[in-house]
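The numbering of the sequence shown is this note's numbering, which starts it at 329 and goes up by one. Worksheet for the structure shown next.
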Amino acid sequence: MGSDLFSGITFKLNKGDRIGLIGKNGAGKSTLLKVLSKDIESSGGTMAFDKDIQIGFLRQDIDFVQGRTILEEAYQAFEEIKEIELKLDAINEQLATRTDYESEIYSQLIIDLTDLTERYELLGGYNYKGDTEKILQGLGFQREDFDKLTDTFSGGWRMRIELAKLLLQNNDILLLDEPTNHLDIESIIWLENFLKSYAGAIVLVSHDKMFLDNVTNRTIEISLGQIYDYKKPYSQFLLLRGEIKEKQLQAQKNQEKEIKQKQLLINKFKAKASKASMAQSLMKQLDKVELIEVDQDDNAAMNVRFAISKEPGKIVVEAEKISKSYGDNHVLENVDLLIERNSKIAFVGQNGQGKSTLAKMMVGEIPFEGYLKLGHNVEIGYFAQNQSEHLPPEKTVLEIMEDAATDGNRMRVRDMLGSFLFGGDAVDKKAKVLSGGERNRLALCKLLLSPFNVLIMDEPTNHLDIASKNVLKEALKQFNGTLILVSHDRDFLQGLTSTVFGFKDKVIKEYLGDIEYFLEQHKMENLREAEKRTVVKTKKDTSKDEAHQLSRDQEKELRKLINKRSKIETQISDLETAITKIDLAMAENYDEVSSQPNFFENYKAKKVQLESLMSDWEIVEEEVEKFS
């Protein structure tokens, strides 16, 4: 008999709600979306929807009709409009050929034409083609792609077409299962802005913290079969959830103390005949007490450590005039590249601009033109974007690991799998039944079986839950080797890399700063509008721009300042959170909290430290502004 994913959960979905549905892999998020969409039936309970409610569901598995172009597939969103167009064409064809102008049939055709034209206009028939092109471009398609067959695009791009269809429909409720998984940063930012102004209700599953914070206004967490529902976006939900749990723990502690005191009195009174009635009364009171329960957390987490194999030479990768084409599609042209030991680099740009291609070139997976050389003692660990998809489906988790193991680490395979949450019977599961998150965890675990000092990871966070992503990010922070990350996850990249390589128009540009600096430089939230504008500069404007060009030394100095500012901001945030928690604790139980040794000295020290950090931030901010 299977176990319940969740049981007895209740919530109401209101117009304007933008709900982030969160929880660990396997908690039941996608299943709940399928229940809400009526794809599957729940095991019990009831669901009530308003009459004529329209629900749009972005599923993880999609099936397109072959032979349609991108535009033709996107137009499937307008089913009624397309039907009316066929009817209008048929009527117009009849009106062009008939000559019985006085007949009832001809009169009825005119009436039908008028009615259908009004309905067509009401449904937006004169605007739908423009709206379709606008949304397809927002999701990363180029105009030259519109007439290409969907069959020629990868699953990720086809998912974008399906998303475009949903956004074009007038759905009352949008159910989105990991909509950002196959989107690049530009498209994610475009989607954020679209969803923030969406009039209906949204329930979305996502493991992108920044996307959740920017889009949602309510968070529902599924944990150990229960849900926790708060009208806050993700980061605020975490703080609130922690505060509520602290209050629950304190209330539970006080209740346990009270019960213990009553139990002592019962034991004392029941031995005396004269006090027996009092003992009975106390026992009845205890029977009526509703025990305070503390929300249970699912604290199981991966345990990851990336160890460096050996010290490589100073230059890790050196490339000159490398180019790569796929038929007529020129992805990279005459690119020069130099990567030094211990660099922490992010590859960022629209899909199809060559990020994964360059990663494959570095590991020798695909041929290319030009010169590329790995440095002395370089050993590369490579996590491919689709690595988890290439696991042999009929083999078990344990068999896959043992096949990849060496004599030196075969004995450690079960311990390694346990660290990646494959304990007990989970090692006997076949790869074909694993969830996306489980497959990614297994692929990461398998990666550790080989030695490396340069780690290249292509979209490692796809399908990983937030808890697993946090563990992976911390492990990468501790990695002492060279790190190259292809990722669209802004929160994951933040604080993890110190250099960004931007891929665009077949070339690569280096930005000496973190992902926040890169986004600031490009004003990514308005990038699409900026690209459509053609700015004609005068000679005076050009010389002014050249005067403000930073030298390499100045860029390095600016990068240091921006990283320093980011570090101070993190310290300020952590300190403010700590002070807030102390304030809440004092409000709950002032005497107990204030009686702790050196409490007021420590509390005052935190306040002083916060003021000092604020002053430091102002100084650094002034230095940064000098470069603008």
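From the three backbone atoms N, C-alpha and C, an ideal C-beta is built for every residue, glycine too.
- In the structure shown, the three-state DSSP call for T478 is helix.
- In the displayed model, M785 falls within a strand according to three-state DSSP.
- Excluding its 5 nearest sequence neighbours in each direction, S747 has C-beta neighbours in its own chain below 8 Å: M630, N631, V632, C773, listed in chain order.
- Less than 8 Å divides the Cβ of L523 from the Cβ of R346.
- D557: member of the beta strand (DSSP E) spanning 554-558, first to last residue.
- For K379, there is no enclosing alpha helix (DSSP H), as DSSP marks it with neither H nor E.
- CA-to-CA, the gap between E413 and Y456 works out to about 12 Å.
- Under the three-pair Cβ rule at 8 Å, the stretch 812-832 counts as touching the stretch 668-682.
- Between E707 and N781, the gap from beta carbon to beta carbon is short of 8 Å.
- Here R426 has Y434 as same chain residues with Cβ atoms under 7 Å from its own Cβ, once five neighbours each way along the sequence are excluded.
- Around the C-beta of I548, 16 or more other C-beta atoms lie within 10 Å, and the residue is accordingly described as buried.
- A residue is called buried when at least 16 other Cβ atoms come within 10 angstroms of its Cβ; K638 does not meet this threshold and is exposed.
- If you draw a 10 Å sphere on the C-beta of N498, you find fewer than 16 other C-beta atoms in it, and that means exposed.
- By the Cβ-count criterion, I594 is buried, with 16 or more other Cβ atoms from all chains shown falling within 10 Å of its own Cβ.
- Bounds of the alpha helix (DSSP H) holding T685 are 683-690.
- Shown here, G752 sits in a helix according to DSSP, grouped into three states.
- The Cβ atoms of D793 and H510 lie no closer than 8 Å to each other.
- Remark: C-beta atoms of L503 and I383 approach each other more closely than 8 Å.
- Between G682 and I650, the C-beta gap is not smaller than 8 Å, which leaves the two residues out of contact.
- Under the rule that a run must span 3 or more residues, no beta strand (DSSP E) segment is found entirely inside the stretch 931-955.
- Residue pairing by DSSP places H658 opposite S653 in a beta bridge.
- Put simply, of I489, T338, L665 the residue whose alpha carbon is nearest the alpha carbon of T397 is I489.
- Counting only runs of at least 4 residues, the stretch 486-539 fully encloses the following alpha helix (DSSP H) elements, listed from N- to C-terminal order: 513-524.
- Looking at the DSSP output, V663 bridges to I650.
- Here the alpha carbons of L386 and L477 stand approximately 21 Å from one another.
- Contact between the stretch 651-664 and the stretch 717-731 is not established, with fewer than three Cβ pairs separated by less than 8 Å.
- Excluding five sequence positions before and after L886, the CB atoms of its chain that fall closer than 6 Å to its own CB belong to F955, given in chain order.
- According to the DSSP secondary-structure assignment, E549 is paired through a beta bridge with I350, Y556.
- The three-state secondary structure of T425, taken from DSSP, is helix.
- For L775, no beta strand (DSSP E) run applies; the uninterrupted alpha helix (DSSP H) run containing it begins and ends at 764-775, by DSSP.
- Close CB contacts of K598 within its chain, under the 7 Å cut and outside five residues either way in sequence, are with A604, A607 (chain order).
- If you check the CB distance, D819 and K573 do not come in under 8 Å.
- Distance from the CA of A795 to the CA of T480, rounded to the nearest whole angstrom, comes to 35 Å.
- Bridge partners of Y839 according to DSSP: V828.
- Among the bridge pairs identified by DSSP, E668 is matched with I643.
- Two segments are said to touch when three or more pairs of C-beta atoms, one from each, lie closer than 8 Å; by this definition the stretch 822-838 does not touch the stretch 555-565.
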